[in-house]
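J.: What follows is a structure written as structure tokens; I'll ask about it next.
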Amino acid sequence: MVALKTFRHSGPSFADLVPYAGLVDNGVILLKDGSLMAGWYFAGPDSESSTDAERNEISRQINTILARLGSGWMIQVEAVRVPTSDYPDEADCHFPDPVTRAIDFERRLHFQRESGHFESRHALILTWRPPEPRRSGLARYVYSDPASRSASYAVTTLDAFRASIREIEQYLGNVVSIQRMATREVDERGGFRVARYDELLQFVRFCITGENHPLRLPDIPMYLDWLVTAELQHGLTPLVENRFLGAVAIDGLPAESWPGILNALDLMPLTYRWSSRFVFLDEQEARQKLERTRKKWQQKVRPFFDQLFQTQSRSVDQDAMTMVAETEDAIAEASSQLVAYGYYTPVIVLFDEAQARLQEKCEAIRRLIQAEGFGARIETLNATDAFLGSLPGVSYANIREPLINTRNLADLMPLNSVWSGSPVAPCPFYPPGSPPLVQVASGSTPFRLNLHVDDVGHTLVFGPTGSGKSTLLALIAAQFRRYAGARVFAFDKGRSMLPLTLGLGGDHYEIGGDATGGGEG
């Protein structure tokens, strides 16, 4: 008889700590507590070229959208800094002459001489915890049609979630470029088998392990917690899949905020995931919590013995009076419903194989956050809880009690980033998968220049005299020859293209020049 008790462990596993239950609709995940979760990828305006007025307007529109949500809703905005693709490979370039080939070779060496290049990706996760059945049972008597009255609680909840996220997606689509994380099907074995992959589940797996790869769904997409599970070793510096995990918490907010206040994080030359979670409160619930805060500060305005003996003295706590006034302003804002209040929890998650290198990265991020006027600390005892609280759909771990409103949230969220351009030429007249026209880097974030989008290539270059406009145009002409069979026709003023034309063996014509000048090279 084998003693099987030795092999039966009853302790919780990592799968028990994550809330993912099953896929109930296209891009909709059911959580273990009955919540529903959906996600989008989005791209905001370029932070380098946007004006202050544009950023303020985007922040205002985001606040208007988020102020509609109440208790039961949670939003998570994820900013992921990932390594970017290298300079276009020589095999993808078709320079027909040694001059343009040498120009591109020098540019490739200069690009690769940099320490590393990164770019930012952004995702938005919405989670909704529906009301309990006994609280929503009265709604069925409001409808007169039999279909609505006979619909089950699950169907009604899913339909309500679909309608809500469709409306939110339409509003957000007017502000940022947005793409839904959906379930896709792929034919395998010549079409005899269909495999399903879900982008939202893939993103969840990426948040847990830091590895981004497709995740195949089972025929019955349930028990998803076992699909996204990982090996977790708890400690002051936890390990996930044999990689050390670091968490930097942002816990001290400045006295005021403005759009893109933490955009400096978008320039960091390292890989991280910045999670901004906001748990919404209804207007009534927010007022109750703010009222409790107001009463606590009100008790500090007068000294204890003055309150005990009902005496009046000149000793008044001015700071407490200021906090009472600010809390009353917050209550008035919550009552106006122009903003919504909730719990804001920002945390930055990093992975690295070496603990010392991870500590250096965490300290670099902490210094940058502190330089922007925020409080920041590297999590130790709370590292595992901070990591769990940063995962999509987790609303119960690592809750930060102080309330903020959606106007501040719109300023703090990473809505803007440096636009790095398309990694392939977005022109149908080029061969599929063609590299960008020009790729440059002035820091940790590269930029890919493509003049033609579809069949349109209108471009305007302006600047002061001697700033390099002619040099840029000549470089663009030289880099355009990376495409097979490319030909360049240019109308030149001042013969600025003449050296390049002669170097490539091209023809230069002096239009309207002296016939005896022989204007052909």
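Taking the working numbering as reference, the numbering of the sequence shown is continuous, increasing by one, and the terminal residue is 536. Ideal Cβ positions, reconstructed from N, Cα and C, are used throughout, including at glycine. Computed from a predicted structure; not experimentally measured.
(1) Classify Ile526: buried if its beta carbon has 16 or more other beta carbons within 10 angstroms, exposed otherwise.
(2) Quick check on the burial criterion: 16 or more other C-beta atoms within 10 angstroms. Buried or exposed for His1?
(3) When we look at the beta-carbon of Tyr524 and count the other beta-carbons within 10 Å, is it buried (16 or more) or exposed?
(4) Rounded to whole angstroms, what's the CA-CA distance from Gln370 to Phe259? Just pull it up for me.
(5) Return the Cβ separation of Arg302 and Thr342 in integer angstroms, given the expectation that the two are a contact with Cβ distance under 8 Å.
(6) Rounded to whole angstroms, what's the CA-CA distance from Arg422 to Pro145? Just pull it up for me.
(7) Assign Ala245 to one of three DSSP states: helix, strand, or coil.
(8) Just verifying my parser: in three-state terms, what is the DSSP assignment at Glu147?
(9) Cα-Cα, which of Lys315, Ala425, Leu424 and Arg415 is closest to Asp334?
(10) Could you give the DSSP three-state label for Leu280: helix, strand or coil?
(11) Between the Cα of Ala106 and the Cα atoms of Tyr498, Ala505 and Ser511, which residue gives the shortest distance?
(12) Might you give, ordered along the chain, the residues of its own chain that have their beta carbon closer than 6 Å to the beta carbon of Val354, omitting 5 neighbours on each side?
(13) Would you be able to state if there are at least three C-beta pairs under 8 Å between the stretch 134 to 144 and the stretch 86 to 101?
(14) Using only the alpha-carbon positions, how far apart do Ile183 and Ile80 sit?
(15) If you run the structure through DSSP and keep just helix, strand and coil, what is Ser100?
(16) Taking 9 Å as the threshold (C-beta atoms), are Phe462 and Val439 in contact?
(17) Leaving aside the five residues before and after Gly408 along the sequence, list all residues of the same chain whose C-beta is less than 6 Å from its C-beta, in chain order.
(18) Decide if Leu406 is buried, meaning its Cβ has at least 16 other Cβ atoms within 10 Å, or exposed.
(19) Tell me which same chain residues have a C-beta within less than 8 Å of the C-beta of Pro148, skipping the five on either side of it?
(20) Hey, quick one: how far does the alpha helix (DSSP H) through Met336 stretch, first residue to last?
(21) Nearest by alpha-carbon distance to Thr399: which of Leu452, Pro253, Ala18 and Lys376 is it?
(22) On the CB-based measure, 16 or more other CB atoms within 10 Å of its CB, does Phe295 come out buried or exposed?
(23) How about Leu251 and Ala379: are their beta carbons less than 9 Å apart?
(24) Is Val362 buried or exposed, if buried means 16 or more other CB atoms sit within 10 Å of its CB?
(25) Let me check understanding here. Comparing Cα to Cα, which of Ala178, Phe402 and Gln454 lies closest to His125?
(26) Which runs of the beta strand (DSSP E) fall wholly inside the stretch 381 to 423 and span at least 3 residues, in chain order?
(27) Tell me which residues share the same chain as Thr172 and place their Cβ nearer than 6 Å to its Cβ, disregarding the 5 neighbours each side in the sequence.
(28) Measure the CB-CB distance between Val331 and Arg317 and report whether it falls below 9 Å.
(29) Between which two residues does the alpha helix (DSSP H) carrying Ala30 extend?
(30) Grab the span of the alpha helix (DSSP H) containing Ala492 for me, first residue to last.
(31) Which runs of the beta strand (DSSP E) fall wholly inside the stretch 194 to 266 and span at least 3 residues, in chain order?
(32) Any C-beta of chain B sitting closer than 9 Å to the C-beta of Leu215?
(33) Does the stretch 446 to 453 come into contact with the stretch 491 to 510, if we say contact requires no fewer than three beta-carbon pairs (one atom in each stretch) closer than 8 Å?
(34) Could you check whether Ala210 and Leu232 sit closer than 9 Å to each other, using their CB atoms as the reference points?
(35) Which two residues bound the contiguous alpha helix (DSSP H) that contains Trp9?
(36) Over what stretch of residues does the beta strand (DSSP E) that includes Leu173 continue unbroken?
T.: The relevant details are as follows:
(1) Taking all protein chains shown into account, Ile526 has fewer than 16 neighbouring C-beta atoms within 10 Å of its C-beta and is therefore exposed.
(2) Any property of residue 1 remains undetermined from this structure, which presents the chain solely from 16 to 536.
(3) Exposed, because fewer than 16 other Cβ atoms sit within 10 Å of the Cβ of Tyr524.
(4) When rounded, the distance between both Cα atoms is 6 Å.
(5) At roughly 11 Å, the Cβ-Cβ gap does not stay under 8 Å, so Arg302 and Thr342 are not in contact.
(6) Approximately 25 Å, taken between the alpha carbons.
(7) Ala245 carries a coil assignment under DSSP once its states are collapsed to helix, strand and coil.
(8) Three-state DSSP puts Glu147 in coil, outside helix and strand.
(9) Cα-wise, what sits closest to Asp334 is Lys315.
(10) Assigned with DSSP and collapsed to three states, Leu280 falls in helix.
(11) When each option's Cα is compared against that of Ala106, the closest is Tyr498.
(12) Correct list, in chain order: Ala82, Glu348, Asn420, Thr421 and Arg422.
(13) Result yes; three or more Cβ-Cβ pairs closer than 8 Å.
(14) Taking the CA atoms as reference points, Ile183 sits about 7 Å from Ile80.
(15) In this structure, Ser100 counts as coil in the three-state DSSP scheme.
(16) No.
(17) Only Pro34, Leu46, Met52 and Thr142 meet the Cβ criterion.
(18) With 16 or more Cβ atoms within 10 Å of its Cβ, Leu406 is classed as buried.
(19) Closer than 8 Å at the Cβ level, and outside the excluded window around Pro148, lie Tyr168.
(20) Gln333 to Ser351 is the extent of the alpha helix (DSSP H) around Met336.
(21) Closest by alpha carbon: Pro253.
(22) Phe295 comes out buried.
(23) No. Outside cutoff.
(24) Label assigned to Val362: buried.
(25) Looking at the Cα atoms, Gln454 is the closest of the given residues.
(26) Listed in chain order, they are 390 to 393 and 418 to 420.
(27) So the list reads Pro145, once near-sequence residues are dropped.
(28) A contact, by the Cβ cut-off of 9 Å.
(29) Here the alpha helix (DSSP H) through Ala30 covers Phe29 to Leu32.
(30) Unbroken alpha helix (DSSP H) run through Ala492: Lys484 to Phe495.
(31) Runs of the beta strand (DSSP E) spanning 3 or more residues and lying entirely within the stretch 194 to 266 occur at 198 to 203 and 208 to 213, in chain order.
(32) No chain B appears in this structure, which consists of one protein chain only.
(33) Judged by pairs of C-beta atoms under 8 Å, the stretch 446 to 453 touches the stretch 491 to 510, as three or more such pairs exist.
(34) Yes.
(35) Outside the modelled stretch of the chain, which goes from 16 to 536, sits residue 9, for which no answer is possible.
(36) For Leu173, there is no enclosing beta strand (DSSP E); the residue is part of the alpha helix (DSSP H) that begins and ends at Tyr168 to Gly188.
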